[in-house]
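Numbering (our numbering), first residue to last: 2 to 326.
Positions of the beta carbon are idealized from the N, C-alpha and C atoms, including for glycine.
The structure appears right after this line, and notes come after that.
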C-alpha cells in the first residue's frame, strides 16, 4: 500500500503539505483573514487521512469555505467542492475546525468575522505497509486452545480490539464482540497478547496503530484468525427487543455524541430517525453505554465529536464504524 500526504499550507514542511488555496469571491474586508504562521497545526498532516480512505485508495481535493470569527477562530465550515469521497470531505472540515487559527480580517481598523476558501488535497504517495503477523496465530496460540475440541462442540467467535506498538507487540486488548462464552473470550484475549506483528510503516517510519481481529473456533475446521477484522462499536441484539421490530424502517438511525474524559460518551442525540421511534431510542440508549477503550491511556482528556449509523435489517442493528473516531 502507498503512504499518504495531505496538502494545504505553503509554510509547513513539504513532508506534510503543498500550497493550494483560493480566495472567496464575496466582497472582502479591508484586510482579509490569513492563516496564523505562528500556529504549527495549520495543516492536515497524515494523521487526518481516514484509515478507510487509505484502505480504499481514495484520493481527491476538497474545497472548503471556512467561517472565521473576529478572534481568528474557525467557527464553521462548508464543502464548496467535494473530493468525491464523503470521508475525505469530513476529514477536511474536522482538521480545520479543530486545529487551525487565523489572523482575523479587519474593517475600519477593527477585527471582523469573515469567510475564506481553502483547497485541501488528499493524495496517497510513497511507501507504506499495514501490520501483519510474523507467525501464524494458530501456531502461537495452539496450547491456549488445546482443550477446545472437548470443551466447545459448536462454532465460537470473539472479536478483539488492541494496539500494535512500533516494536510490533500488542497491548490493551479487549473484547469488542463477545463469543458469549467467558472462557473463550478470555483465551482470545490471552492469545492476542502473544502475537507479534511487523509494525505499521508510514513514509518509512514505524507507527503505533489500533487494530482488530477475530479469533474463531470450529469443531470441523479448528482454530482460525481473521486479521484485520473491521468492526464498529457494538450493540448486542438483546438491546433491541423483538416487540420493537415492525419490519424494515425506511432509513438508518444516525446518533451523534461526544467522547469526553474517561472515554465515556456524552451529549448523545438522534441526528436522523430510522422512521421507528422505538428503535431510535434503543440505539440512543446503546450509544450511552459505550466507552472508548484507549481514552484512559491518553495524556490529556479528549473531547471528540463523532456520529455513528445503525442499519436496521431483519431484526438486527448493524452498527457501522463510519463515524466512530
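Q) Looking at C-alpha atoms only, which residue of 99, 33, 61 and 71 is the closest neighbour of residue 90? A) If you number the chain shown from 1, residue 90 lands on position 89. Checked all of 99, 33, 61 and 71; the closest Cα to residue 90 is 61.
Q) How is residue 157 classed by DSSP in three states: helix, strand or coil? A) Reading the chain shown from its first residue, position 156 is the one you call residue 157. Looking at residue 157 - three-state DSSP - the assignment turns out to be strand.
**Q.** Buried/exposed call for residue 6, threshold 16 Cβ in 10 Å
**A.** In the chain shown, counting from the first residue as 1, residue 6 sits at position 5. Unreliable positioning characterises residue 6 in this predicted model, as indicated by a pLDDT of 44, which lies under 50. The coordinate reading is nonetheless provided below. Result: buried.
Q: Using 10 angstroms around the beta-carbon of residue 175, count the other beta-carbons present and answer buried if the total reaches 16, otherwise exposed.
A: Sequence index remark: in the chain shown, residue 175 carries index 174 (1-based). Classification for residue 175: exposed.
Q: Can you tell me the Cβ-Cβ gap for residue 1 and residue 69, rounded? I've got them flagged as a contact below 8 Å.
A: Nothing can be reported for residue 1, as the shown portion of the chain is limited to 2 through 326.
Q: Buried or exposed for residue 59, please, with buried defined as at least 16 other CB atoms from any protein chain shown within 10 angstroms of its CB.
A: Here residue 59 corresponds to residue number 58 of the chain shown, with the count starting at 1. Under this definition residue 59 is a buried residue.
**Q.** In DSSP terms, what residue 77 is bridged to
**A.** Numbered from its first residue, the chain shown carries residue 77 at position 76. The partner list for residue 77 (beta bridge, DSSP) reads 68.
**Q.** Exposed unless 16 or more other CB atoms sit within 10 angstroms - verdict on residue 85
**A.** To locate residue 85, count along the chain shown from 1; it is residue 84. By the neighbour-count rule (16 or more Cβ atoms within 10 Å), residue 85 is not buried but exposed.
Q) Does the pairing of the region 71-85 with the region 128-146 give three or more beta-carbon distances under 8 Å? A) By the Cβ rule, the region 71-85 does not count as touching the region 128-146, because fewer than three pairs are nearer than 8 Å.
Q: Determine the direct distance from the alpha carbon of residue 52 to that of residue 224, and round the result to whole angstroms.
A: The residue you call residue 224 lines up with position 223 of the chain shown. The residue you call residue 52 lines up with position 51 of the chain shown. If I take the Cα positions, the gap works out to 28 Å.
Q) What residues in its chain sit with their C-beta under 8 Å from that of residue 218, if we drop five residues either side in the sequence? A) As a working mapping, residue 218 is identified with position 217 in the chain shown. Here the set comprises 146, 149, 153, 156, 157, 158, 185, 224 and 225.
Q: Take residue 73 as the anchor and find which of 65, 103, 67 and 285 has the nearest alpha-carbon.
A: Translated into the one-based positions of the chain shown, residue 73 becomes position 72. Distances from the CA of residue 73 to each of 65, 103, 67 and 285 were compared; the closest alpha carbon is that of 103.
Q | Beta-carbon gap between residue 66 and residue 107 smaller than 7 Å | A | Numbered from its first residue, the chain shown carries residue 66 at position 65. Numbered from its first residue, the chain shown carries residue 107 at position 106. Annotated as distal: residue 66 and residue 107, with beta-carbon spacing of 7 Å or more.
Q) Hey, how far is the Cα of residue 100 from the Cα of residue 171? A) Taking the chain shown and counting its residues from 1, one reaches residue 100 at position 99. Taking the chain shown and counting its residues from 1, one reaches residue 171 at position 170. The C-alpha of residue 171 is placed about 30 Å away from the C-alpha of residue 100.
Q. Rounded to a whole number of angstroms, what is the C-alpha to C-alpha distance between residue 221 and residue 50?
A. One-based indexing of the chain shown puts residue 221 at position 220. One-based indexing of the chain shown puts residue 50 at position 49. The C-alpha of residue 50 is placed about 41 Å away from the C-alpha of residue 221.
Q) How about residue 214 and residue 261: are their beta carbons less than 7 Å apart? A) Your numbering for residue 214 matches position 213 in the chain shown. Your numbering for residue 261 matches position 260 in the chain shown. In this structure, residue 261 does not lie closer than 7 Å to residue 214 by Cβ.
Q. DSSP three-state call for residue 190: helix, strand or coil?
A. Position 189 of the chain shown, counted from the first residue, corresponds to residue 190. Helix.
Q: Compute the distance between the beta-carbons of residue 33 and residue 105, then report whether it is under 7 Å.
A: Along the chain shown, one-based indexing puts residue 33 at 32. Along the chain shown, one-based indexing puts residue 105 at 104. Not in contact: residue 33 and residue 105 (Cβ atoms no closer than 7 Å).
Q: Kindly indicate which three-state DSSP category residue 284 falls into: helix, strand or coil?
A: The residue given as residue 284 occupies position 283 in the chain shown. Of the three classes helix, strand and coil, the one that applies to residue 284 here is helix, per DSSP.
**Q.** Residues bridged to residue 133 (per DSSP)
**A.** Taking the chain shown and counting its residues from 1, one reaches residue 133 at position 132. Per DSSP, the beta bridge partners of residue 133 are 199.
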